[in-house]
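Just below is one structure, and these are the notes that go with it.
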Amino acid sequence: MKIGFIGIGVMGSRMVKRLLDHGYQVSVYNRTKEKVKAPVEHGATHEESIALLAQNCEVICTCLSMPGDVLEVYQAGILENARPGTICIDFTSVGADTSKTICSQAIEKGIDYLDCPVSGGPEGAESGSLTIMVGGEKTAFEKVFKILEVVGGTIEYLGPSGSGSIAKLMNQYLVAVHSLAVSEVMVTGSKFGLAPEQLYKILSTSYGDSRILRRHMEEYVFDRQFEPGGAVKYVHKDVRLANQLLQEAGLREFTGQLAEEAYRFSTEQGLGDLDMSAVILPLEEQCGVVVKKNS
C-alpha cells in the first residue's frame, strides 16, 4: 500500500519516519522543499506536486497548520487528482464544518475522507503513542487501521465525519484553559513571594496537579525555553474553534472565552511561534515577576 504524506512539519516528519521504519512506501510533498530532505534521505520519494502525489498513492495523509490550508490542499489538489477508492486521512486540527465539507466533496469523487486529529505532541509522534480521534466511514477506518497503529497508541473511532475534529477541539479547549490557569496561578503566587519551584511542588502533589502544569513548568517555563512543541498561534486557533462549538451547544459564558483572549493577545504580541506555555509571558510582564527556578 503506497502512502502519500503532505505536510512535513514537526508532527508530519516524525509520522513519515515511523511509516518508513515499518516498511511502508511513502511519497512526500511539502510547500517548503527543504523539509522533505530528511524523509527522502530516510527512504521516502519526493513528489513535485500535490497532483502527482494524489495520482500515485492509495492512501493520502495530510498534517497541516490551519483549516484554510486543509481546504486548499484538498479542493485544489487532492480531490481533483486522487483515484476513486483512495482513502484520505487528515491529521490536522480543524473545525467539524471543515471536515464535513471535505468529506462530502470526497464522496462525490468516490474518495473516502477521515478526520483523524491527534494529541500527544512531537514526542508522541516519534514514539508512535499518539491519541488519534477518528471521524468518517467506519469501513474506511478499518482499511487503514494498521497504518494508524504505526503512529498511534490510542485510536478511537467516534462516528461520522466531523466526530474526530469535535473530540480534538474538546481536548484543545482543556489544553488552552489549563494553560492559562497554570500561568495565572504561578504568576500570582510568585508575585506574593512564594518560591516558584516550591509552589510547583505543592501543586503537582495536590489536586491542582495536571499534565499541563507539569509540562509547562518542567519543560519550558522554569528553564525559560519556549521553543515550540505546540505553538501559541495553533492553540489560539483551536480554542477559537472549540468556543464556537460551546456556543452552538447553548453555553453563553465559559472559561474558554478568557483563554481565547489570552492566546489572541499573546499572538498579537509576537509570541505566536513560541510554545503554548509562552502565554505566561504577558502575565509576568503585567505583574512584574518572572517565574523561574530558584537561584
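Numbers 0 to 294, taken from numbering that gives the first Met the number 0, label the letters of the sequence shown in order. Where a beta carbon is used, it is the ideal one built from N, C-alpha and C, also for glycine.
Asked, Found
"Helix, strand or coil, according to DSSP, for Lys1 in the structure here?", "strand"
"Return yes when the Cβ of Ala258 is within less than 8 Å of the Cβ of Leu168, no when it is not.", "no"
"DSSP state of Ala330, grouped into three classes?", "Because the chain in this structure spans residues 0 to 294, residue 330 falls outside the shown range and cannot be described."
"Would you mind stating whether Phe90 and Met10 have Cβ atoms separated by less than 8 Å?", "yes"
"Does the contact criterion of 3 or more C-beta pairs under 8 Å hold for the segment 60-74 versus the segment 93-100?", "yes"
"Considering only DSSP beta bridges, list what His296 is partnered with.", "Limits of the chain in this structure are 0 at one end and 294 at the other, which puts residue 296 out of reach."
"For Gly249, is the classification buried or exposed, using 16 other Cβ atoms within 10 angstroms of its Cβ as the cut-off for buried?", "exposed"
"Considering only residues of the segment 174-211, which uninterrupted alpha helix (DSSP H) runs meet the minimum length of 4 residues and lie entirely inside it, listed in chain order?", "195-203"
"Start and end of the alpha helix (DSSP H) containing Thr153?", "Element bounds for Thr153: not the alpha helix (DSSP H) but the beta strand (DSSP E), Gly151 to Gly158."
"Compute every distance between the C-beta of Ala258 and the non-hydrogen atoms of the ligand ADP, then say whether any falls below 7 Å.", "Among the components of this structure there are no ligands whatsoever, and the ligand ADP is therefore not found."
"By the three-class DSSP mapping on this structure, what secondary structure does Lys132 have?", "The sequence given here has Met at residue 132, not Lys. Note: Met132 maps to strand in three-state DSSP."
"Given Leu300, which residues of its chain have a CB within under 8 Å of its CB, disregarding the five upstream and five downstream residues?", "The structure shown has nothing for residue 300, since the chain only spans 0 to 294."
"Going by DSSP, name the residue or residues bridged to Thr61.", "Ile5 and Asp89"
"The beta strand (DSSP E) that contains Tyr112, what's its start and end?", "Asp111 to Asp114"
"Strictly by DSSP, which residues pair up with Ser162?", "None; Ser162 has no bridge partner."
"Taking the C-alpha atoms as reference points, what is the distance between Met216 and Ala124?", "22 Å"
"Could you tell me the alpha carbon to alpha carbon distance between Asn293 and Val174, rounded to whole angstroms?", "27 Å"
"How long is the line joining the alpha carbons of Gln268 and Tyr262, rounded to whole angstroms?", "10 Å"
"Given this structure, state the Cα-to-Cα distance separating Val27 from Gly42, to the nearest angstrom.", "10 Å"
"In whole angstroms, what separates the C-alpha of Tyr112 from that of Val288?", "48 Å"
"Looking only at C-alpha atoms, which of Glu40, Cys60 and Val39 sits nearest to Ile49?", "Cys60"
"For the alpha helix (DSSP H) holding Glu259, just list the boundary residues, first then last.", "Gly255 to Ser265"
"If you follow the alpha helix (DSSP H) that Phe140 is part of, which residue opens it and which one closes it?", "Lys137 to Lys142"
"Where does Asp20 sit, in a helix, a strand or coil, going by DSSP?", "helix"
"Excluding five sequence neighbours on each side, which residues of the same chain lie with their C-beta closer than 6 Å to the C-beta of Ser276?", "His215, Tyr219 and Val220"
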